[in-house]
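Numbering (the working numbering), first residue to last: 543 to 893. Don't be surprised by glycine CBs; every beta carbon is placed ideally from N, CA and C.
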Ligand code: 5AD
Ligand code: SF4
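What follows is the structure, encoded as C-alpha cells:
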C-alpha cells in the first residue's frame, strides 16, 4: 500500500523518471490484464441533464445547447455498428435524467442490446469465432435510486460509471451548485447502491481543476483504492466557455496531460487488475496523449459510435467534437470481447 508521500513523489516525476513510471505501469497492466486493449463503443444517448455542474458544457443552465435524445432505432444501429467493428461492449452515456420514460427507455434498450449477437449484427461467423455472444453493457447515467439501478442490472447491464469528480468534499462543493441536487454524500451513497445492485463499479475524477492541489490528487487515488473500484475513468479538466468555471486560473494544458498520465500509471500500480480508460479529454489537449496512456497503464478505450449529427451537441468541454476517431486497427485490441473487470471476477470467485 502506497503512502500519501510516496504517491505525491511519483506524481511529481518528470522526464525520464516519468517515462520509467509509465513503462512500469504498462508492464504491470499487461501482466495483470493481458496484452490487448479492451474497447467499448460509446453511445452518447442524450445531452439532457437535470444537474448544473459548474464545469460542464451540457449543464442544465447552459444556453445554446441543441438538446437531443437518440431514438431507440439510432441506439440500436450504433450498438450493432459497434459489434460489427469488433467492439464487444458498449457504454450508454447521458446526462442525469430521472423521468419514468427515460428509465423505461434505458431498460428496453439494455434488453435489446443484450440480444445482439455478432451474427445478427452482420459479422461473418468465421471472423466472429471466439467473440462474446452478447455485448457487455456499461451505463453512465448519473445518480439514480437503488431500485432503478437494480432494474437496469436485471435488464442486463453489468457495469456502471459514476465519477466522484473530486473525492475531497470541500473541493466537490466548489465545483457544484448548492441547490439540493448536487450532494457529495448522495454521490457516495449512489456508488454504494451500485455495489448493492451488483454492478462492476467505476469511478474517477477530473485532473487539473481550479483549486485542486497535489494533495487532492493523491487522496483521489487512495479514495479509489479504498472504494475497491473495478474500473476507472479519469481525465484532464478542460475548460468549457460559457460555464461558471471558465476563466479561472488553471495549470497549463501540458501539466494537466502529464498529470493525467501519471495518475493513470500510479493507479495501475496500486490496482493492477482493474480496467482503466484512456480518457478522450486527453486527446483534446494533446493528439498523442491517449496513445501514451494506453502504453502507460490504461487498458480501455471508448471509440465514439454516436451518430455524427448528435455528437457535436454532446459537448462537455471545448473542442471535444474535433477529437479524431480512434482507429482500433492501429492498436492490439481485444476484438469482440465483453471485457469484464478481472478485479471484479476475482472478487466474485473469492466469495
Ligand atoms: N472537462 C473535463 N471533463 C468534464 N466532464 C464534464 N465536464 C468536463 C470538463 N469541462 C466529465 C465529468 C463527467 C464526464 C461525463 O465528463 O467528469 O463525469
Ligand atoms: Fe450533467 Fe454530468 Fe454535466 Fe454534471 S457533468 S451537468 S451531471 S452531464
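- Of the residues 886, 584 and 727, the one whose Cα lies closest to the Cα of residue 856 is 584.
- Within the region 827-891, the complete alpha helix (DSSP H) segments at least 4 residues long are 831-836 and 850-853, listed from N- to C-terminus.
- Going by beta carbons, residue 785 and residue 753 fall outside the 8 Å limit.
- Taking a cut-off of 8 Å on C-beta distances, the region 808-822 touches the region 765-782, as three or more cross pairs fall below it.
- Not a single heavy atom of the ligand 5AD lies less than 7 Å from the C-beta of residue 726.
- The three-state reading of DSSP puts residue 643 in helix, counting H, G and I together.
- By the Cβ test, the region 849-867 is in contact with the region 593-608, since at least three Cβ pairs between them sit closer than 8 Å.
- In this structure, the beta-carbon distance from residue 614 to residue 650 falls below 8 Å.
- Secondary structure within the region 661-737: the beta strand (DSSP E) runs of 3 or more consecutive residues, fully enclosed, are 678-682 and 701-703 (chain order).
- Counting along the chain, residue 586 sits inside the beta strand (DSSP E) bounded by residues 583-588.
- Just measuring C-alpha positions, the residue of 682, 593 and 782 sitting nearest residue 719 is 593.
- The closest heavy atom of the ligand 5AD lies 7 Å or more from the beta carbon of residue 864.
- For residue 635, the CB contacts under 6 Å within the same chain, skipping 5 residues up- and downstream, are 586 and 682 in chain order.
- Taking C-beta separations shorter than 8 Å and ignoring five residues to either side along the sequence, residue 547 has no partners in its chain.
- A Cβ-Cβ distance of about 17 Å is found for the pair residue 699 and residue 847, leaving them out of contact under the 8 Å criterion.
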